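One structure is given below, encoded as structure tokens.
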Amino acid sequence: MTWKPQDGAKPWAASILTLFPEMFPGPLGCSLAGGALKEGVWMLETVDIRRFARDKHRAVDDSPAGGGPGMVMRADVLGRAIDEVHRAGDPRPLIYPSPRGERLSQGLVREMACGPGVVVVCGRFEGVDERVLAARRVREISVGDYVLSGGEVAAFSLLDAIVRILPGVMGSPASLNEESFEGGLLEYPHYTRPQSWEGMGIPAVLNSGHHAKIKAWRRAQAEKITRTRRPDLWASYQAARGKACKKDE
Ligand code: SAH
Numbered sequence: 102m103t104w105k106p107q108d109g110a111k112p113w114a115a116s117i118l119t120l121f122p123e124m125f126p127g128p129l130g131c132s133l134a135g136g137a138l139k140e141g142v143w144m145l146e147t148v149d150i151r152r153f154a155r156d157k158h159r160a161v162d163d164s165p166a167g168g169g170p171g172m173v174m175r176a177d178v179l180g181r182a183i184d185e186v187h188r189a190g191d192p193r194p195l196i197y198p199s200p201r202g203e204r205l206s207q208g209l210v211r212e213m214a215c216g217p218g219v220v221v222v223c224g225r226f227e228g229v230d231e232r233v234l235a236a237r238r239v240r241e242i243s244v245g246d247y248v249l250s251g252g253e254v255a256a257f258s259l260l261d262a263i264v265r266i267l268p269g270v271m272g273s274p275a276s277l278n279e280e281s282f283e284g285g286l287l288e289y290p291h292y293t294r295p296q297s298w299e300g301m302g303i304p305a306v307l308n309s310g311h312h313a314k315i316k317a318w319r320r321a322q323a324e325k326i327t328r329t330r331r332p333d334l335w336a337s338y339q340a341a342r343g344k345a346c347k348k349d350e
């Protein structure tokens, strides 16, 4: 069944400001996200930042004040582009993907999926003039502690993670609840046919048909994987569980 926004309700809408509009929809035009885009479950608008350059070379960048390597995206060009797309009263958050930003998490993805959409300003070169970030109250979001060559790849991660949890996009909403991070744990291991592959079988409990035992096994596996691979997640999971137990007392 395909979910469509109710009559009069606006679909979740993303606007992407970029110097490379031809990159979009790219991966977002395939598979679940692409199908949902065609169905009108969400909308994607790309805006070419270069359209807002006014000088004869259509320059969007200039050398950094104070010297140093690389180029910086100009405040005036970017300001005009933002003001055309993110008009007064637009309820969508204005986002700048940046290594300096708040780290993208499933919680943040959920928060943005519950909202009306996002406006994403993709940086290039050394980044953007700081005055734009301050004047337009931009929220900086990082996809991890490494440096990409542009915000577009970060925007793909952000949008992909959001779109797949919009109502009507995933085939089975139940599978969302089981996933990594949703319960504060990494996911348990999966198996499918064939029963035996390169001499390796499938854990016997998964063939037992005993649902409670399967559930308990999966939970134990998820806990073990989280404890060994991500002590940071494990600590917050335990803290949250501790709180929940105290509340129950
Ligand atoms: N000089 C900057 C990096 C610029 S990379 C610095 O050292 O912080 C060019 C653009 O890529 C940035 O403007 C940003 O939009 C994007 N980008 C790079 N790494 C990113 C990351 N980890 N998360 C989100 N966006 C990133």
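Take 102 as the starting number for the sequence shown in the numbering used here and just add one per residue.
C-beta: ideal position from N, C-alpha, C; glycine also.
Treat the numbers as computed from the prediction; the structure is a model and nothing was measured.
Asked, Found
"CA-to-CA distance, Ala166 to Trp104, given in whole angstroms", "Note that Trp104 scores 47 on pLDDT, short of 50, meaning its location in the model is unreliable; the coordinates nonetheless yield the value given after this. Distance between the alpha carbons of Trp104 and Ala166: 50 Å."
"Given Gly252 as reference, the closest of Gly272, Glu203, Ser199, Phe125 once Cα atoms are compared", "Ser199"
"Three CB pairs or more closer than 8 Å across the stretch 218-236 and the stretch 264-277", "no"
"DSSP bridge partner residues for Trp143 (one or two, in chain order)", "Trp113"
"Secondary structure of Arg159, DSSP reduced to three states", "coil"
"Val248 CB to nearest heavy atom of ligand 1 below 7 Å", "yes"
"Nearest candidate by alpha-carbon position, reference Val186, set Asp163, Arg204, Gly218, His312", "Gly218"
"Residue(s) in a DSSP beta bridge with Arg204", "Ser243"
"Opposing strand residues paired with Thr436 [DSSP bridges]", "Absent from the model: residue 436. The displayed extent of the chain is 102 to 350, so no value can be given."
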